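J.:
Protein chains in written order, with the working numbering: chain A, 92 to 313; chain B, 92 to 313.
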């Protein structure tokens with residue numbers, strides 16, 4: 092399978108790329124607005140995987156070209172770039188693709204991080220509105236600490252939550268998630284349940300901030 | 092220590108009562124609007140603890156009398172009864188007491204449970220507004236599945252999140268939480284971070300609903 096990581100030079104893109112690079116045979120397409128940066132990141136991620144004893148196929152492109160070549164397109168960009176990024180790649184998407192959104196709307200205030208969704212109700216809903224109707228959208232990978240994901244020496248043993256209205260797309264993304272060693276995919280229901288999933292991201296940051304010896308936190312449902 | 096469980100005839104009150112009854116020597120005061128119901132519940136909880144080989148002191152009172160006798164007052168009532176319950180016991184509270192709120196505002200919709208806070212921003216904020224200023228308020232025990240808590244044959248191995256602006260009160264409640272076997276207390280910061288903590292409750296229900304073999308879910312930060 093070909094997986095595009097749009098905005099893949101960022102930290103969550105790096106984390107997913109090196110995990111999938113080490114743990115699977117999927118072809119990874121790092122996207123960026125700047126294809127030079129994408130190629131440099133791709134080379135660096137392949138190097139990280141090689142250092143961990145793996146052999147990854149990672150290539151760099153501009154976002155539209157990465158999306159065009161991919162079966163699964165992950166919007167690994169900050170919430171405020173989601174709409175722009177979708178607009179830039181929209182014409183390359185069709186009903187056979189799956190768009191995955193891991194971003195959570197947050198606001199940093201003096202006392203902590205707070206959930207701050209866009210007016211659509213969640214970043215996931217914003218993506219659903221922006222992407223052509225026939226292209227399935229899946230929310231996943233919101234609650235993964237990017238630093239921990241990118242550090243292949245760290246074991247995961249955590250869960251990621253998946254929201255989707257399209258069962259096949261949900262199954263595809265859950266399978267991709269579970270191909271990452273130590274990651275379990277759990278369904279949190281339909282796209283309309285995305286806000287509660289995205290809210291977990293600021294909560295994880297608040298818990299990490301307020302407890303000694305807990306950082307790069309994940310969560311396990313049990 | 093004396094712990095009042097107002098609305099303690101309900102399911103979360105039962106769960107906390109039997110866990111503290113089995114695992115600690117604290118005196119448990121079950122409160123209800125109807126003192127007869129409170130006494131019957133207290134007797135039943137003491138019986139549950141005795142069946143598990145423990146020996147608990149559990150008494151039943153009307154809510155105001157339970158609150159008056161207690162050092163820690165847990166508002167184990169549904170969100171829509173929180174304001175009424177505080178009003179009924181307010182005159183018994185002083186700066187030496189700690190008020191604990193475990194409720195989360197939720198709305199059940201066709202597609203799942205959604206976080207639906209009162210206009211104060213969170214149930215915790217509503218309690219903070221309703222309780223006299225000098226009485227510390229702590230949010231805790233939101234994310235515990237009541238059925239699992241009440242079933243003493245089930246091991247916990249899960250976390251509860253604590254929010255508070257008063258460090259001493261937070262420490263008291265965290266200690267009480269950790270005296271329950273298998274429960275770890277983690278700080279999620281100040282009261283203003285309560286909404287993200289309360290949002291975890293509908294998320295847990297959605298995850299339990301959408302995955303086979305997962306029910307009465309708890310969460311572990313790792």
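Glycine residues also receive a C-beta, built at the ideal position from the N, C-alpha and C atoms.
Remember, it's a predicted structure, so these values are computed and weren't measured experimentally.
With DSSP run on the structure shown, which of helix, strand or coil describes residue 174(A)?
T.: In the structure shown, the three-state DSSP call for residue 174(A) is helix.
J.: When DSSP labels each residue in this structure, what does residue 124(A) get in the three-state scheme?
T.: The answer is coil: DSSP assigns residue 124(A) none of H, G, I, E or B.
J.: Can you round the beta-carbon distance between residue 264(A) and residue 173(A) to whole angstroms, since I take them to be within the 8 Å contact cut?
T.: Going by Cβ atoms, the distance from residue 264(A) to residue 173(A) rounds to 17 Å, so no, they are not a contact pair.
J.: Decide if the segment 290–298 of chain A is in contact with the segment 125–142 of chain B; the criterion is three or more beta carbon pairs, one per stretch, under 8 Å apart.
T.: Between the segment 290–298 of chain A and the segment 125–142 of chain B, the count of Cβ pairs shorter than 8 Å is below three; the stretches do not touch.
J.: By Cβ distance, which residues of its chain are closer than 6 Å to residue 271(A), with the 5 residues on each side in sequence left out?
T.: Cβ neighbours of residue 271(A) beyond the five flanking positions: 110 and 114.
J.: Just list the residues that DSSP pairs residue 153(A) with in beta bridges.
T.: In the DSSP output, where bridge partners are listed per residue, residue 153(A) has 123(A).
J.: Ignoring anything shorter than 3 residues or poking outside the segment 227–312 of chain B, list the beta strand (DSSP E) runs there in chain order.
T.: 228–230, 249–255, 274–278 and 310–312
J.: Where does residue 150(B) land, buried or exposed, given buried means 16+ other C-beta within 10 angstroms?
T.: buried
J.: Since residue 93(B) contacts residue 186(B) with CB under 8 Å, what's their CB separation in whole angstroms?
T.: About 16 Å separates the two Cβ atoms, so there is no contact after all.
J.: Applying a beta-carbon distance threshold of less than 9 Å, which residues of chain B neighbour residue 207(A)?
T.: Those within 9 Å of residue 207(A) in chain B number zero; the least Cβ separation is about 11 Å.
J.: So, using beta-carbon positions, are residue 153(B) and residue 112(B) closer together than 8 Å?
T.: Not closer than 8 Å, so no.
J.: Would you mind sorting residue 102(B) into buried or exposed? The rule is 16 or more other CB atoms within 10 Å of its CB.
T.: exposed
J.: Could you check whether the Cβ of residue 234(B) sits closer than 8 Å to any Cβ belonging to chain A?
T.: no
J.: Listed from N- to C-terminal order along the chain, which residues in the segment 199–232 of chain A have their beta-carbon within a distance smaller than 8 Å of any beta-carbon of chain B?
T.: 200, 202, 203, 204, 205 and 206
J.: Please report the distance separating the alpha-carbon of residue 328(A) from that of residue 200(B).
T.: A question about residue 328(A) goes unanswered here, because the residues of chain A that appear run from 92 up to 313.
J.: Of all the alpha helix (DSSP H) runs that stay within the bounds of the segment 176–209 of chain A, which reach a length of 4 or more residues?
T.: none
J.: Can you check DSSP and say which residues form a bridge with residue 148(B)?
T.: Under DSSP, residue 148(B) takes part in a beta bridge, and its partners are 118(B).
J.: I want to know whether the segment 279–287 of chain A touches the segment 241–251 of chain A - three or more CB-CB distances under 8 Å.
T.: The segment 279–287 of chain A is not in contact with the segment 241–251 of chain A.
J.: Please identify the residue among 303(A), 116(A) and 290(A) whose C-alpha is closest to the C-alpha of residue 207(B).
T.: Between residue 207(B) and the set 303(A), 116(A) and 290(A), the nearest pair of CA atoms involves 290(A).
J.: Can you name, in chain order, every residue of its own chain whose Cβ lies under 6 Å from the Cβ of residue 215(A), other than the five neighbours on each side?
T.: 192, 230, 282 and 285
J.: Under 8 Å, Cβ to Cβ, is there at least one residue of chain B near residue 264(A)?
T.: no
J.: Tell me whether residue 216(A) sits in a helix, a strand or coil according to DSSP, three-state version.
T.: In the three-state DSSP reduction, residue 216(A) falls in the helix class (H, G or I).
J.: So, helix, strand or coil for residue 132(B), using DSSP?
T.: helix
J.: Go ahead and pull the three-state DSSP assignment for residue 164(B).
T.: strand
J.: What three-state label does DSSP hand residue 211(A) in the structure shown?
T.: coil
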